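Protein chains in written order, with our numbering: chain A, 1 to 179; chain B, 180 to 285.
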């Protein structure tokens with residue numbers, strides 16, 4: 001059996017570039033990405049390689065995967081692994097980037113933002129309402145809304161952080177690439 | 180990509196390539212060959228744009244017998260939009276050409 005190890009991720013939504021650069025560095029030392037793991041990546045020991053990694057987000061329907069992967073492979077991007085809508089590819093340095101224009105790169109972030117902001121739209125009002133209830137009411141409702149508040153906070157904080165991070169990345173893309 | 184009213188260069192090239200039935204890889208090749216490599220489209224951009232054009236009914240699936248290489252072609256609406264954008268681009272070029280015609284070099 002091949003030697004494997006786990007490395008942590010900063011969260012692809014927050015630090016995609018840093019994560020992918022870390023993977024390249026590891027590959028140079030012979031630790032090649034094998035699969036996505038919970039909050040990180042699983043690497044496998046092999047021959048060192050000089051490659052860059054890229055990530056794309058796309059929920060592929062039945063019969064779409066073959067065409068999607070074929071396009072990447074024809075463009076020189078080897079498919080490494082996927083998990084639900086996350087797909088990671090690798091290619092030698094100098095290969096055309098998987099996103100060559102700003103508009104479709106922004107589309108990628110929008111696809112990422114959609115489910116997150118949907119959760120946000122549900123969880124933020126819940127957090128606020130339970131906060132008001134626990135401050136202005138007493139008795140069992142106060143206790144109940146306290147619990148709801150704590151639970152919704154657990155979801156609200158990372159959701160908000162993700163929305164902000166993605167919005168900033170979107171802004172950066174449109175500022176640096178259009179003139 | 181908000182709207183396809185004003186085509187971006189990438190969308191324009193892809194639509195131009197799809198005036199004839201072509202699969203994704205053939206689109207990439209044609210663009211790269213025609214522009215001698217000065218304009219390239221990445222696979223993720225190409226896939227995103229194909230999906231967008233399908234949704235807007237500017238292209239249509241022409242042949243999916245090979246699931247790895249689906250063939251697309253412009254629709255009538257697609258031809259119309261492309262024709263409009265050619266006009267828009269011609270105005271830009273004519274303006275620039277006319278300006279450069281008179282020898283005003285300093």
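Where a beta carbon is used, it is the ideal one built from N, C-alpha and C, also for glycine. The structure presented is a predicted model; accordingly, all values stated were derived computationally and were not measured.
For residue i, the first and last residue of its enclosing alpha helix (DSSP H)
| i | result |
| --- | --- |
| residue 259 of chain B | 255-280 |
| residue 130 of chain A | 102-136 |
| residue 78 of chain A | It is not in any alpha helix (DSSP H) - residue 78 of chain A instead sits in the beta strand (DSSP E) that spans 78-83. |
| residue 213 of chain B | 203-213 |
| residue 64 of chain A | Residue 64 of chain A -> no alpha helix (DSSP H), and no H or E assigned at all. |
| residue 38 of chain A | No alpha helix (DSSP H) contains residue 38 of chain A, which DSSP labels as neither H nor E. |
| residue 190 of chain B | 188-196 |
Residue i in three-state terms, based on DSSP
| i | result |
| --- | --- |
| residue 30 of chain A | coil |
| residue 58 of chain A | coil |
| residue 179 of chain A | Note that residue 179 of chain A has pLDDT 44, beneath the 50 cutoff, so the model's placement of it is unreliable and the number below is only indicative. Here residue 179 of chain A sits in coil by DSSP. |
| residue 18 of chain A | helix |
| residue 13 of chain A | helix |
| residue 247 of chain B | coil |
| residue 233 of chain B | helix |
| residue 170 of chain A | helix |
| residue 88 of chain A | strand |
| residue 181 of chain B | Residue confidence is low: residue 181 of chain B scores 46 on pLDDT, short of 50, so the model does not pin down where it sits. No coordinate-derived value is stated. |
| residue 226 of chain B | helix |
| residue 217 of chain B | coil |
| residue 199 of chain B | coil |
| residue 95 of chain A | coil |
| residue 48 of chain A | coil |
DSSP bridge partner residues for residue i (one or two, in chain order)
| i | result |
| --- | --- |
| residue 5 of chain A | A/43 |
| residue 147 of chain A | Answer is none; residue 147 of chain A lacks a bridge partner. |
| residue 252 of chain B | B/239 |
| residue 74 of chain A | Beta-bridge pairing links residue 74 of chain A to no other residue. |
| residue 53 of chain A | A/90 |
Pick from the options that is closest to residue i, judged by C-alpha positions
| i | options | result |
| --- | --- | --- |
| residue 199 of chain B | B/217, B/215, B/254 | B/254 |
| residue 225 of chain B | A/56, A/9, A/45 | A/56 |
| residue 127 of chain A | A/44, A/66, A/157 | A/157 |
| residue 12 of chain A | A/121, A/174, A/108 | A/108 |
| residue 59 of chain A | A/111, A/173, A/36 | A/111 |
| residue 222 of chain B | A/70, A/2, A/66 | A/70 |
| residue 131 of chain A | A/118, A/121, A/141, A/145 | A/145 |
| residue 166 of chain A | A/97, A/66, A/46, A/105 | A/105 |
| residue 173 of chain B | B/268, B/281, B/260, B/214 | Any answer about residue 173 of chain B is impossible in this case: the structure gives chain B only from 180 up to 285. |
| residue 227 of chain B | B/274, B/190, B/273 | B/190 |
Contact test: residue i Cβ vs the ligand SAM heavy atom, cutoff 7 Å
| i | result |
| --- | --- |
| residue 196 of chain B | What this structure holds is no ligand at all, so the ligand SAM is not there to describe. |
Members of the region 116-129 of chain A that neighbour chain B once the beta carbon cut-off is set at 7 Å
When CB distances to chain B are screened at a threshold of 7 Å, not a single residue of the region 116-129 of chain A falls below it.
Could you name the residues of the region 59-91 of chain A whose beta carbon sits closer than 7 Å to any beta carbon of chain B, in the order they occur along the chain?
63, 66, 67, 68, 70, 71, 72, 74, 75, 77
Where the region 243-262 of chain B meets chain A: residues whose CB sits under 7 Å from a CB there:
246, 247, 248, 249
Beta carbons nearer than 8 Å to chain B: which residues of the region 94-115 of chain A have them?
96, 97, 98, 99, 100, 101, 103, 104, 105, 106, 107, 108
Which residues of the region 191-211 of chain B have a Cβ closer than 7 Å to any Cβ of chain A? Give them in chain order.
203, 204, 207
Residues of the region 219-237 of chain B in Cβ contact with chain A at a cutoff of 7 Å, in chain order, please.
219, 220, 221, 222, 223, 224, 225, 226, 227, 228
So if I threshold CB-CB distances at 9 Å, which residues from the region 46-58 of chain A count as touching chain B?
54, 56, 58
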